[in-house]
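Everything in the sequence shown is counted per the numbering used here, starting at 1 for the first residue and increasing by one.
Backbone N, C-alpha and C fix where the C-beta goes; we use that ideal spot for every residue, glycine too.
For reference, the structure is listed below as structure tokens.
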Amino acid sequence: MIWQMKPFIIDFIVVLFFLLMIFIGLIKGFAVRLYDFLATILAVIVAYFLSSPLSYIFVIYQSEGLLEFLGEYINRIILFFIIFVISKIVFALLGRIIKPLFKSLLHHFSLTRFADRILGMVLSALEAIVMIYIALTMVVVPFISDGKKMVKNTIIASRAIELVPYYSDMLSDISNDYMQMDAIFKKSSSYDGKDSQTVYMMSQTLQHGYDYHLLTQSQLDEKINDYYLSLDHVTLDQQQYQALIKLLNTGSNQVKKNEILSKIEVGDGHEK
């Protein structure tokens, strides 16, 4: 099972798949691989545009309370992968009809056998990179135990997943937030954790949720008020306090900053 794999095994699978795809490009040639490459890109586009609206209909993964928006994000990732796979299958079936047309059309370009094979290998390599990236994102998401750690400890896979820095950082931060918050709440057997570490993690989680557009301004304001106004009293260290201040400054004037800060002490106990 994937969650039991060692990092070097993940690298081995990535390299093996990449080489296999290049070999297929060498054998099949440019015309066939052009269709397959375009089909993969179209499958990504279809999955991207359908995963968000369908996530409101099909709930495969969810969280409740303060982590609800993280659960919604993870649910979209899962649906993206499912839609991508289904789209690939549909395009593969259509390819039985369309590929011969591609071949006859491209025959007029009179490519040499060498050029045909080289271009086929290039397209296969590009398609392999797209598919490897998508597969690795499914390993990193929180419901696969230690998935992020396994990918981080690899040599090749860890670089492959950094090909799209913004999305990789987003996936990494959200996965971290979810796993750490989930662990904290499981220990307390409640979603009402009020200790300093939970307050700190909540500050980071909500900040990332807003920064990565998982929360609107009004949603952020509501969650800040709901959680922090429910605090009785908590003492934070400087790092925890600065994270809270950053979050409060991100909120709009609807956030009751003074009332929230009246419940906070920093380090030496001087109230802020």
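**Rounded distance between the beta-carbons of Met150 and Gln180, thought under 8 Å** = Wrong, their Cβ atoms sit about 17 Å apart, outside the cutoff.
**Asked** Within 10 angstroms of its Cβ, does Leu19 collect 16 or more other Cβ (buried), or is it exposed?
**Response** exposed
**Request:** Given a cut-off of 9 Å, decide if Leu101 and Leu111 are closer than it, judged by their beta-carbon atoms.
**Result:** Against a cut-off of 9 Å, the Cβ pair of Leu101 and Leu111 comes out as no contact.
**Request:** Let me know the secondary structure DSSP gives Val85 once reduced to three states.
**Result:** helix
**Request:** Pair every Cβ in the segment 19 to 36 with every Cβ in the segment 76 to 85, then say whether three or more of these pairs are closer than 8 Å.
**Result:** Because the criterion of three Cβ pairs below 8 Å is not met, the segment 19 to 36 and the segment 76 to 85 do not touch.
**Message:** On the criterion of 16 or more Cβ atoms from any shown chain inside 10 Å, does Ile57 qualify as buried, or is it exposed?
**Reply:** exposed
**Request:** Specify the secondary structure class of Leu236 as computed by DSSP and reduced to three states.
**Result:** strand
**Message:** Between Ala157, His208, Leu244, Gln219, which has its C-alpha nearest Val199's C-alpha?
**Reply:** Leu244
**Request:** Below 7 Å CB to CB, which residues in the same chain sit around Ser252 once its five sequence neighbours on both sides are set aside?
**Result:** Gln217, Asp221
**Prompt:** Where do the ends of the beta strand (DSSP E) carrying Glu265 lie?
**Reply:** 264 to 266
**Message:** Starting from Leu229, trace the alpha helix (DSSP H) in both directions and tell me its first and last residue.
**Reply:** Per DSSP, Leu229 belongs to no alpha helix (DSSP H) and is neither H nor E.
**Asked** Are Pro7 and Thr154 close, meaning C-beta to C-beta below 9 Å?
**Response** yes
**Asked** At a cut of 8 Å, does the segment 222 to 233 reach the segment 254 to 269 through at least three beta carbon pairs?
**Response** yes
**Message:** For Val15, which residues in the same chain have their Cβ closer than 7 Å to its Cβ, ignoring the five residues on either side in sequence?
**Reply:** Ile156
**Request:** Return helix, strand or coil for Phe58, following the three-state DSSP convention.
**Result:** coil
**Message:** Suppose contacts are defined by Cβ-Cβ distances below 9 Å. Is Leu247 in contact with Gln207 by that definition?
**Reply:** yes
**Prompt:** How would you write the range of the alpha helix (DSSP H) that Phe12 sits in, first residue to last?
**Reply:** 7 to 28
**Request:** Tell me whether the beta-carbon of Leu54 lies closer than 9 Å to the beta-carbon of Ile89.
**Result:** no
**Request:** Please report the Cβ distance between Val44 and Val139, rounded to the nearest whole angstrom; I am assuming they are in contact, meaning their Cβ atoms lie under 8 Å.
**Result:** Not a contact, Cβ separation roughly 18 Å.
**Message:** Only counting the same chain, and skipping five residues up and downstream in sequence, which positions put a Cβ closer than 8 Å to that of Ser196?
**Reply:** Excluding positions up to five away in sequence, the list reads Val234, Thr235, Leu236, Asp237, Gln240.
**Prompt:** How long is the line joining the alpha carbons of Lys256 and Asn225, rounded to whole angstroms?
**Reply:** 7 Å
**Asked** Looking only at its own chain, which residues have a Cβ that is under 7 Å from the Cβ of Ala47, when we skip the five neighbours before and after it?
**Response** Phe80, Ile83, Phe84, Ser87
**Prompt:** What did DSSP end up calling His208 once you bin it into helix, strand or coil?
**Reply:** helix
**Prompt:** From Arg113 to Lys28, what does the alpha carbon distance come to, in whole angstroms?
**Reply:** Approximately 11 Å, taken between the alpha carbons.
**Message:** If distances are taken between C-alpha atoms only, which option among Gln204, Arg117, Ser158 comes closest to Ala135?
**Reply:** Ser158
**Request:** Look at Tyr212 and Ile161 and say whether their C-beta atoms are less than 9 Å apart.
**Result:** no
**Asked** For the alpha helix (DSSP H) that contains Phe64, what are its first and last residues?
**Response** Note that residue 64 is Glu in the sequence shown, not Phe. Where Glu64 is concerned, there is no enclosing alpha helix (DSSP H), given that its DSSP letter is neither H nor E.
**Request:** Look up Thr154 in the DSSP assignment and say whether it is helix, strand or coil.
**Result:** coil
**Item:** Simplified DSSP state of Asn176, which is helix, strand or coil
**Value:** helix
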